[in-house]
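Going letter by letter, the sequence shown gives residues 1 to 523 in the UniProt record's numbering.
The beta carbon of each residue, even a glycine, is placed where N, CA and C say it ideally should be.
Please read these numbers as outputs of a predicted model, since none were measured by experiment.
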Amino acid sequence: MTPHAEPCFDDKMVLVAPSDTDSDADVELDAAAPFLSKPSSPSKPMLRRGPSPLASVAACLASTPWRLLLLRLVNFLTPSFLQRHHAREQTCPSRLSPTAYLDGMRGLAALFVYFCHYTYQAFFIARSWGYHGENYEILKLPFLRLWYQGPQAVCVFFVISGYALSYRPLKLIRTRALPDFSATMSSLTFRRGLRLYLPPAISTLMIVCLLRLGAYEWTREFANDRTFMRNVAEPHPARMDTTYEQLRDWSWQMYRFLHVFGWDMDGGRIPYDVHLWTIPVEFRCSLFLFLTIIGTARLRTRFRLLVVAALLWFSYRHSRWDLILFLGGMLLAEWDLIRAAHVSPPALPQDEKAATAPARPLWKRGFWILVSIAGIYLLCQPDEGGSDTPGWRLLTSMIPSWWTAEQYRFWQSAGAIVFVGAVGHSSGWQSFFNHPAIQYLGKISYALYLMHGPAMHTVGYHFEKWAYSLTGVDGYWYNAGFVLGACFCVPTVIWWADVFWRAVDVPTVRFAKWVEGKCITKA
Numbered sequence: 001m002t003p004h005a006e007p008c009f010d011d012k013m014v015l016v017a018p019s020d021t022d023s024d025a026d027v028e029l030d031a032a033a034p035f036l037s038k039p040s041s042p043s044k045p046m047l048r049r050g051p052s053p054l055a056s057v058a059a060c061l062a063s064t065p066w067r068l069l070l071l072r073l074v075n076f077l078t079p080s081f082l083q084r085h086h087a088r089e090q091t092c093p094s095r096l097s098p099t100a101y102l103d104g105m106r107g108l109a110a111l112f113v114y115f116c117h118y119t120y121q122a123f124f125i126a127r128s129w130g131y132h133g134e135n136y137e138i139l140k141l142p143f144l145r146l147w148y149q150g151p152q153a154v155c156v157f158f159v160i161s162g163y164a165l166s167y168r169p170l171k172l173i174r175t176r177a178l179p180d181f182s183a184t185m186s187s188l189t190f191r192r193g194l195r196l197y198l199p200p201a202i203s204t205l206m207i208v209c210l211l212r213l214g215a216y217e218w219t220r221e222f223a224n225d226r227t228f229m230r231n232v233a234e235p236h237p238a239r240m241d242t243t244y245e246q247l248r249d250w251s252w253q254m255y256r257f258l259h260v261f262g263w264d265m266d267g268g269r270i271p272y273d274v275h276l277w278t279i280p281v282e283f284r285c286s287l288f289l290f291l292t293i294i295g296t297a298r299l300r301t302r303f304r305l306l307v308v309a310a311l312l313w314f315s316y317r318h319s320r321w322d323l324i325l326f327l328g329g330m331l332l333a334e335w336d337l338i339r340a341a342h343v344s345p346p347a348l349p350q351d352e353k354a355a356t357a358p359a360r361p362l363w364k365r366g367f368w369i370l371v372s373i374a375g376i377y378l379l380c381q382p383d384e385g386g387s388d389t390p391g392w393r394l395l396t397s398m399i400p401s402w403w404t405a406e407q408y409r410f411w412q413s414a415g416a417i418v419f420v421g422a423v424g425h426s427s428g429w430q431s432f433f434n435h436p437a438i439q440y441l442g443k444i445s446y447a448l449y450l451m452h453g454p455a456m457h458t459v460g461y462h463f464e465k466w467a468y469s470l471t472g473v474d475g476y477w478y479n480a481g482f483v484l485g486a487c488f489c490v491p492t493v494i495w496w497a498d499v500f501w502r503a504v505d506v507p508t509v510r511f512a513k514w515v516e517g518k519c520i521t522k523a
């Protein structure tokens, strides 16, 4: 859930067509165009400097009737999928890029992360079906438990990031367009930090404002009440005595959040939103990936593959599952380029009939479906107790003794690479991830990742408290309250994410492009 200089794939949460003329930033800006103010038409040069942007905005607001301002605000706060047809078309376009399925996959993974954080507060979800002769609930079976598992979704995120960040540079390498490759890598490296860190900086500053307004105090008691939070009780951020102290603490936490000089997974975790620990990991792995791409740019394909495979093995031997996933995504991108997987036009109709392309042999389609199922099964590795869980005893025993990371990362990482690779060979899976609803989740995925924490801690907990007050918390009535609360919490989180995507995520992409344009030397 990224700014580039040409069609680059520098977006933690955005993947677009491997085109030579479009960038993911351009696509996102086009998608949000109905919700953003239109630039003024060009005018003739004037000798005097015009008013500042803030003064222009203030003058515009002062000259606009309050009823019109209110109407525009209501229109902006309306979810994009409920707005006029043009806005819906921009949000879920009828023509998709050949790699749009990865965008949808990422969006669904972001939703699963939210489901995980909603579910693990009420239930112990780390153990799978049959653990220690217990845990026989049907939703804990492999495959059925995937929709509320967060670690597996993070693994998928990282594979997609490795693919997305590698595809365009590798394509330029293979066509020997080294000047374009140089410009692309410069843009990727320069804007990666802005793309990843600006939206979290704004979202956590928003949390600071909500703290000062007392929004977190309304649910602080509920958040720590073990009557309702029966497993994980996510702590509310502390409210300081003064706004100055709060802002000073936020500034220090954001400084720690950068965390580029260490490889501790939790080193970048901040109390304002404990879910954001993946952002520093993403940034470090992105820089490592860029170095790998640059270092192998002039190698022949076979030697580049050998070097990347050696780096992957080295990362594996040192239990760096995060680097394994990024490098795995890079290998998948190279393989797709070798087999010309995305040679079709950069925009394809969603409803284009499969008959227009030659049918693949049935055995090949069946093979890749089976491979994808195997990948999903590996993704379902339980976070805890695999050695005492039916179906996982043998696989757990195969984890090397020198693997120092969490054991569940071992097979989950392998499963993520296998599944993403298999989907690239399966038109059925690609059609599923190209569904408009899933594509919409891909658009808002980064915003969904950033917003589900504050939305739940302020508004969502009110819905949960209300739901439990209706159902009670005894026996299965607790489960009923959990489901009833979800009926209100899930739409609320998606609404927050939709607004944040249009108000913050897309403008930060534009801002990063503007900054780069101001800083680079002109040809």
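Extent of the continuous alpha helix (DSSP H) to which residue i belongs
{"i": "A310", "result": "T301 to R317"}
{"i": "L213", "result": "L178 to L213"}
{"i": "Y163", "result": "G150 to R174"}
{"i": "residue 525", "result": "The chain is shown from 1 up to 523; residue 525 falls before or after that span and cannot be answered."}
{"i": "M330", "result": "W321 to I338"}
Nearest candidate by alpha-carbon position, reference residue i, set the options
{"i": "D498", "options": "L77, W66 and P65", "result": "L77"}
{"i": "T292", "options": "N224, M185 and H259", "result": "M185"}
{"i": "K522", "options": "I202, R127, Y272 and A183", "result": "A183"}
{"i": "L312", "options": "I324, N479 and H318", "result": "I324"}
{"i": "residue 589", "options": "L450, W147, L71 and Y167", "result": "Residue 589 is absent from the structure shown; the chain starts at 1 and stops at 523."}
{"i": "T379", "options": "F181, P271, L395 and V343", "result": "It should be noted that the sequence gives Leu, not Thr, for residue 379. Of the candidates F181, P271, L395 and V343, the one whose C-alpha sits nearest the C-alpha of L379 is L395."}
{"i": "S427", "options": "L102, Q246, A201 and I399", "result": "L102"}
{"i": "L194", "options": "R365, I520 and A512", "result": "A512"}
{"i": "H318", "options": "W403, I270 and T175", "result": "W403"}
{"i": "L247", "options": "L211, Y216 and V504", "result": "L211"}
{"i": "V156", "options": "R339, R365 and S445", "result": "S445"}
{"i": "V274", "options": "G262, R284 and R256", "result": "R256"}
{"i": "H259", "options": "E245, Y244, L287 and E234", "result": "L287"}
{"i": "G133", "options": "T471, I520 and G391", "result": "G391"}
{"i": "L205", "options": "A467, T227 and M254", "result": "M254"}
{"i": "S315", "options": "F433, I138, C285 and D336", "result": "C285"}
{"i": "A100", "options": "F433, V490 and L178", "result": "F433"}
Rounded separation between residue i and residue j - CA only
{"i": "Y440", "j": "G107", "result": "8 Å"}
{"i": "D11", "j": "L165", "result": "Note on D11: pLDDT 40, under 50, position unreliable in the model; the coordinate value appears next. The straight-line gap from Cα to Cα measures roughly 7 Å."}
{"i": "G104", "j": "A437", "result": "9 Å"}
{"i": "T242", "j": "V208", "result": "11 Å"}
{"i": "Y120", "j": "N231", "result": "6 Å"}
{"i": "P45", "j": "T508", "result": "A caution first: P45 carries a pLDDT of 45, below 50, which makes its placement in the model unreliable, though a value can still be read off. So the alpha carbons of these two residues sit roughly 28 Å apart."}
{"i": "W429", "j": "A223", "result": "39 Å"}
{"i": "S97", "j": "L188", "result": "21 Å"}
{"i": "L172", "j": "R300", "result": "13 Å"}
{"i": "E406", "j": "R67", "result": "56 Å"}
{"i": "S128", "j": "Y148", "result": "12 Å"}
{"i": "F290", "j": "R304", "result": "14 Å"}
{"i": "F500", "j": "S203", "result": "9 Å"}
{"i": "A486", "j": "F463", "result": "8 Å"}
{"i": "I279", "j": "G267", "result": "11 Å"}
{"i": "A354", "j": "A110", "result": "Model confidence at A354 stands at a pLDDT of 45, short of 50, so the residue's coordinates are unreliable; what they give is reported in the following sentence. Roughly 29 Å between the two C-alpha positions."}
{"i": "W411", "j": "L141", "result": "17 Å"}
{"i": "W495", "j": "A455", "result": "9 Å"}
{"i": "N75", "j": "F488", "result": "21 Å"}
{"i": "L213", "j": "Y244", "result": "14 Å"}
{"i": "G517", "j": "Q83", "result": "33 Å"}
{"i": "N479", "j": "M398", "result": "37 Å"}
{"i": "Y468", "j": "N135", "result": "24 Å"}
{"i": "T227", "j": "F124", "result": "15 Å"}
Check whether residue i and residue j have beta carbons under 8 Å apart
{"i": "T458", "j": "T219", "result": "yes"}
{"i": "H452", "j": "H236", "result": "no"}
{"i": "T389", "j": "Y131", "result": "yes"}
{"i": "S80", "j": "R502", "result": "yes"}
{"i": "A416", "j": "V159", "result": "yes"}
{"i": "residue 540", "j": "L170", "result": "This structure gives no information on residue 540, because the portion of the chain shown stretches from 1 to 523."}
{"i": "G375", "j": "G162", "result": "no"}
{"i": "H435", "j": "W368", "result": "no"}
{"i": "D383", "j": "A201", "result": "no"}
{"i": "V423", "j": "S387", "result": "no"}
{"i": "Y272", "j": "W252", "result": "no"}
{"i": "V473", "j": "G481", "result": "yes"}
{"i": "W514", "j": "S413", "result": "no"}
{"i": "E221", "j": "R239", "result": "no"}
{"i": "R269", "j": "W263", "result": "no"}
{"i": "L306", "j": "G421", "result": "no"}
{"i": "L146", "j": "Q152", "result": "yes"}
{"i": "V504", "j": "P199", "result": "yes"}
Those runs of the beta strand (DSSP E) which lie wholly inside the segment 437-513 and span at least 3 residues | none
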